[in-house]
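In the working numbering, the protein residues as written are 3 to 515. Ideal Cβ placement from N, Cα and C applies to all residues, glycine included. The next block holds one structure in the form of structure tokens; read it before the comments.
This is the structure:
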């Protein structure tokens, strides 16, 4: 560690504290512009700025006093090293002048005893209040503190190209230090957990498409979809396609798998991953919104529809700590409206007997249970299935109740929520609730059927009665309903046809005589 390296980290942190774009994107750009930084230097910059973002409220509190700016990026880096990483002042002496050494002693000695719980949790007040209301004070603090830790590196084995045992054996054989910390994931049957962060992108298993980086919770969601061979499946908010590819592999490359997203860039990234995966049953399509007209032809076609909805991402704070500072109550309110709209539209794609799966990587009921319950109340043609039972049918023993609910402090995954709905029938609107304006095509078909049923009655009407029943020619404003026109035309053709048949029979009888 050098003064220049701390300066580099402080420059990066100052940029991130503007909170005007995702931290990972800014960090990638920073490294592209500073290619002279070595592997260890890059690791320090990334670890230190993410470490500060995880503990930002606490560190801002301990560095705040009359003489120092609490937002000073360099001081935040130093405070993180002293208070979170546990470094001694002696270890940092080469980076400090006499005044800074005095400041460091004050930082090291500052008590946390009387700090508000929201500060200890390192979240904004509005989010702390949400967590406490939902989980209680003690568990809310435990959840928040679990988000201070770095996420594990989980890999998904692409079972089209290999087995988990084969991939695991390969990693263990490569471990020249003799350590065997590479393990299988405790819940996902296709996951591997690595002992530390590493650049997996250049590994031969990755370039050959045998593994993908994917959190265990995300892998479990793919299993919850329970797509079978030959099914027609849609990932309605596919993004870069991590779950899409997992579902395709579980389908054993059969059936039809659609990946929809509003972002061409994300679908382009999916295309790159698709080449490695070996999947050939995937059709990626860009849509303008959940109401894109091209979706109409696919209504009631899908056996499975996954809605991994856009959300606050508050379940991924181990990976994306900047989100807890960037998200606001207004963002949450807007997202819940969007989630409900997307789920309602996706329901139309689901066939009778098919399943609709709703998921988020959020911890909040606003985006999870409340959306699921509101959907069920508005869609009586859907029923809720038990997530625990669906996973158990695949030999995955994880009991989280009727919903899939994963929490970092309990399952060592990102925070995930999922609900599985089954469409029990096609929606049939009762006569009392029919909309004033229906599809004209449907009316014509139904009217034709009605006319055929009424055929005996039509034939029994005498010409005299028919003539008396004729109304004056209607103008455009008085034009009769389309179903009436169809009924009259069909009835008239039946009567004419009947008379012609009777005439032919009479002539044939006369000729015979």
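- Ranked by Cα distance from residue 318, the first of 102, 213 and 418 is 418.
- In the displayed model, residue 189 falls within coil according to three-state DSSP, outside both helix and strand.
- Residue pairing by DSSP places residue 333 in no beta bridge whatsoever.
- In the DSSP assignment, residue 110 falls within the alpha helix (DSSP H) that extends over 100-111.
- For the set 251, 252, 257 and 287, the Cα lying nearest the Cα of residue 266 is the one of 287.
- Membership of residue 213 in the beta strand (DSSP E) is indicated by the continuous run 213-215.
- When the alpha-carbon of residue 425 is set against those of 335, 411, 370 and 351, the nearest one is in 351.
- Exclusion of the five residues before and after residue 112 leaves 64 as the residues of its chain whose Cβ lies within less than 7 Å of its Cβ.
- Bounds of the beta strand (DSSP E) holding residue 357 are 352-362.
- When DSSP states are grouped into helix, strand and coil, residue 173 belongs to the helix group.
- Secondary structure note for residue 266: its alpha helix (DSSP H) is the uninterrupted segment 266-279.
- Judged by DSSP in its simplified three-state form, residue 137 adopts helix.
- When DSSP assignments are scanned along the region 49-95, the uninterrupted stretches of alpha helix (DSSP H) that are 4 or more residues long and fall wholly within it turn out to be 58-65, 75-81 and 91-94.
- CA-CA distance, residue 103 to residue 95, rounds to 7 Å.
- Per DSSP, reduced to three states, the secondary structure at residue 125 is coil, with no helix or strand assignment.
- Residue ranges of uninterrupted beta strand (DSSP E) with 3 or more members, entirely inside the region 219-249 and ordered along the chain, are 234-237.
- Between the alpha carbons of residue 403 and residue 225 lies a distance of about 16 Å.
- Taking the Cα of residue 154 as reference, the smallest distance to any Cα among 177, 200 and 168 is reached at 200.
- Collapsing the DSSP output to three states places residue 160 in coil.
- Closest option to residue 316, judged by alpha-carbon separation, among 365, 359, 358 and 294: 365.
- By the Cβ rule, the region 236-254 counts as touching the region 304-311, because three or more pairs are nearer than 8 Å.
- In this structure, the straight-line span from the alpha carbon of residue 186 to that of residue 195 is close to 6 Å.
- Judged by DSSP secondary structure, residue 326 falls within the alpha helix (DSSP H) whose first and last residues are 325-328.
- Sixteen is the threshold: when 16 or more other Cβ atoms of the shown chains lie within 10 Å of the Cβ of residue 415, as they do, the residue is buried.
- Counting every other CB atom within 10 Å of its CB across the protein chains shown gives residue 339 a total below 16, marking it as exposed.
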